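Engineer:
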């Protein structure tokens, strides 16, 4: 009997050790890919004799790292494993996507698709290993991608070949140009015929959790969590301009936090909660004239919500938790005013109701067009969702101030 018990115990310990080793391996692979992707981009460009590409990658990568680590220092956000305060944005993800974006832009999808797959794995491994939140990963990937779009050209745009005639001599003239402070072709003012059909927007900023009511498992234990750590938000939005009046957009925006609280009786408990919004919207431009902006439409909010309790900050053994998917049909409207052809102020409101609960989102933003391709903006966003029968959050309310950078293509 003693021998049998010992064997069972050994098997359990072995299983835990194997699982821990596998988890660590996932993270270590991400440690390697964040180096291999940009280094691989540099190696391939040098092997091809593409010195212009090597220089563009160097500038793009350096810019990505400066912005990423500058924001890390300014934000001072604690990591989900409760260690250091440099979580936002993810440096590993930024490095990996810097290399992947270079492969895609410079050499096309044959190089870019597998590189992006490795970069996506890198971001996943950082979340899986409790090194980062999902908004950290979105921020790192977006910073790298936009830096790449500013500095890196497709290789065929960098090599200009033109006929040359000098008396009786004929030949080809090849010119290469890319100064240190000069961006790529996408950084410059596009031609007057430029008519973009798509747009990518990256938004980031601080978030304030104003109130929340966690579901039944928290109320039964009388737990109140007061979030004192820095909260951030990062969102990515893709828009398709189907015509002059019809546009379709998809936005993904995770809100995540971990916190320490007290249960009745004085014991410590740790909470992990997440609300991840995915919005699909259609808008119709009312075409109110040159000065006024008016749009209205419909949409759908698909929300993943999760809340769990843990006995310690390792977040490895769940005491209790719930997760759910919620769906809210939406109506949206945007009204604004164009101060100049390049600058406007716009207010957007969205309201959704699924019969069990409701969601309200408002946004006030100022926008400035740098040219037809690039624009920048900032604003204030308010969010409130109520649903009494929700398993995770019966109520959640927060607001944020954000900076936005957009790229049209």
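In my numbering, the protein residues as written are 1049 to 1457.
Ideal Cβ positions, reconstructed from N, Cα and C, are used throughout, including at glycine.
The structure displayed is predicted, hence computed values, not measured ones.
Is DSSP giving residue 1055 helix, strand or coil here?
Structural biologist: If you number the chain shown from 1, residue 1055 lands on position 7. Bear in mind that the predicted position of residue 1055 carries a pLDDT of just 41, short of 50, making it unreliable; the figure below should be weighed with that in mind. In the structure shown, residue 1055 sits in a helix (DSSP, three-state: H, G or I).
Engineer: Which partner residues of residue 1247 appear in the DSSP bridge assignment?
Structural biologist: Along the chain shown, read from residue 1 onward, the residue named residue 1247 stands at position 199. In DSSP, residue 1247 forms a bridge with 1287 and 1456.
Engineer: What span of residues does the beta strand (DSSP E) with residue 1311 cover, start to end?
Structural biologist: Position 263 of the chain shown, counted from the first residue, corresponds to residue 1311. Here residue 1311 belongs to no beta strand (DSSP E), and DSSP marks it neither H nor E.
Engineer: Return no unless some Cβ of chain C is closer than 7 angstroms to the Cβ of residue 1246.
Structural biologist: In the structure shown, chain C does not exist; there is a single protein chain.
Engineer: The beta strand (DSSP E) spanning residue 1239 covers which residue range?
Structural biologist: Working through the chain shown from its first residue, we reach residue 1239 at position 191. Note, residue 1239: premise wrong, no beta strand (DSSP E); not H, not E.
Engineer: Could you pull the start and end residues of the beta strand (DSSP E) that residue 1152 belongs to?
Structural biologist: Working through the chain shown from its first residue, we reach residue 1152 at position 104. Counting along the chain, residue 1152 falls outside any beta strand (DSSP E), though it belongs to the alpha helix (DSSP H) covering 1139–1155.
Engineer: Using the C-alpha atoms, what's the distance from residue 1083 back to residue 1090?
Structural biologist: By one-based count along the chain shown, residue 1090 stands at place 42. By one-based count along the chain shown, residue 1083 stands at place 35. In a straight line, the C-alpha of residue 1090 is about 11 angstroms away from that of residue 1083.
Engineer: Helix, strand or coil for residue 1123? Go by DSSP, reduced to three states.
Structural biologist: Within the chain shown, the letter at position 75 stands for residue 1123. Three-state result, residue 1123: helix.
Engineer: Do residue 1148 and residue 1085 count as a contact pair if the criterion is CB distance below 7 angstroms?
Structural biologist: Taking the chain shown and counting its residues from 1, the one referred to as residue 1085 is at position 37. Taking the chain shown and counting its residues from 1, the one referred to as residue 1148 is at position 100. Cβ atoms of residue 1085 and residue 1148: closer than 7 angstroms.
Engineer: In the DSSP assignment, the beta strand (DSSP E) including residue 1356 goes from what residue to what residue?
Structural biologist: Within the chain shown, numbered from 1, the residue matching residue 1356 stands at position 308. Here the beta strand (DSSP E) through residue 1356 covers 1340–1358.
Engineer: Would you mind sorting residue 1456 into buried or exposed? The rule is 16 or more other CB atoms within 10 Å of its CB.
Structural biologist: Walking along the chain shown from the start, residue 1456 turns up at place 408. It counts as buried.
Engineer: Could you spell out the range, first to last residue, of the beta strand (DSSP E) harbouring residue 1196?
Structural biologist: As a position in the chain shown, residue 1196 is number 148, starting the count at 1. No beta strand (DSSP E) contains residue 1196, which is instead part of the alpha helix (DSSP H) from 1182–1199.
Engineer: Return yes when the Cβ of residue 1378 is within less than 7 angstroms of the Cβ of residue 1347, no when it is not.
Structural biologist: Along the chain shown, read from residue 1 onward, the residue named residue 1347 stands at position 299. Along the chain shown, read from residue 1 onward, the residue named residue 1378 stands at position 330. In this structure, residue 1378 lies closer than 7 angstroms to residue 1347 by Cβ.
Engineer: Considering just the uninterrupted stretch of the beta strand (DSSP E) at residue 1379, what are its terminal residues?
Structural biologist: Indexing the chain shown from 1 puts residue 1379 at position 331. Segment 1368–1386, the beta strand (DSSP E) holding residue 1379.
Engineer: If distances are taken between C-alpha atoms only, which option among 1260, 1382 and 1371 comes closest to residue 1355?
Structural biologist: Your numbering for residue 1355 matches position 307 in the chain shown. For residue 1355, the nearest C-alpha among the options comes from 1371.
Engineer: Mapping the DSSP letters down to three states, classify residue 1107 as helix, strand or coil.
Structural biologist: As a working mapping, residue 1107 is identified with position 59 in the chain shown. Looking at residue 1107 - three-state DSSP - the assignment turns out to be helix.
Engineer: Straight-line CA distance for residue 1158 to residue 1165?
Structural biologist: Locating residue 1158 in the chain shown gives position 110, counting from the first residue. Locating residue 1165 in the chain shown gives position 117, counting from the first residue. Approximately 12 angstroms between the Cα atoms of the pair.
Engineer: If I follow the unbroken beta strand (DSSP E) through residue 1400, where does it start and stop?
Structural biologist: Counting from one through the chain shown, the residue named residue 1400 turns up at place 352. 1391–1401 is the extent of the beta strand (DSSP E) around residue 1400.
Engineer: Are the CB atoms of residue 1168 and residue 1137 within a distance shorter than 7 angstroms?
Structural biologist: Taking the first residue of the chain shown as position 1, residue 1137 is located at position 89. Taking the first residue of the chain shown as position 1, residue 1168 is located at position 120. Taking 7 angstroms as the Cβ cut-off, residue 1137 and residue 1168 do not qualify as a contacting pair.
Engineer: Mind the definition here: the stretch 1379–1393 touches the stretch 1348–1368 only if three or more C-beta pairs lie below 8 angstroms; say whether that holds.
Structural biologist: Verdict: no, contact absent.
Engineer: Using alpha carbons as the reference points, say which of 1189, 1196, 1118 and 1122 lies closest to residue 1152.
Structural biologist: As a working note, residue 1152 is residue 104 in the chain shown. The option with the nearest alpha carbon to residue 1152 is 1196.
Engineer: Could you tell me how far apart the beta carbons of residue 1447 and residue 1285 are, in whole angstroms, since I believe they sit closer than 8 angstroms?
Structural biologist: For the purposes of this step, residue 1447 is taken as the residue at position 399 of the chain shown. For the purposes of this step, residue 1285 is taken as the residue at position 237 of the chain shown. About 18 angstroms; that fails the 8 angstroms criterion.
Engineer: Where residue 1507 and residue 1181 are concerned, what is the direct C-alpha to C-alpha distance, given to the nearest angstrom?
Structural biologist: With the chain represented from 1049 up to 1457, any question about residue 1507 goes unanswered, as that position is not in the structure.
Engineer: Helix, strand or coil for residue 1100, going by three-state DSSP, please let me know.
Structural biologist: Here residue 1100 refers to the residue found at position 52 when the chain shown is read from its first residue. It is helical.
Engineer: Alpha carbon to alpha carbon, how far is residue 1408 from residue 1380?
Structural biologist: Position 360 of the chain shown, counting from 1, holds the residue named residue 1408. Position 332 of the chain shown, counting from 1, holds the residue named residue 1380. For residue 1408 and residue 1380, the distance between alpha carbons rounds to 10 angstroms.
Engineer: Leaving out the 5 sequence neighbours to the left and right, which residues in its chain are closer than 6 angstroms to residue 1310 when beta-carbon positions are compared?
Structural biologist: Looking up residue 1310 in the chain shown gives position 262. Around residue 1310: no qualifying Cβ.
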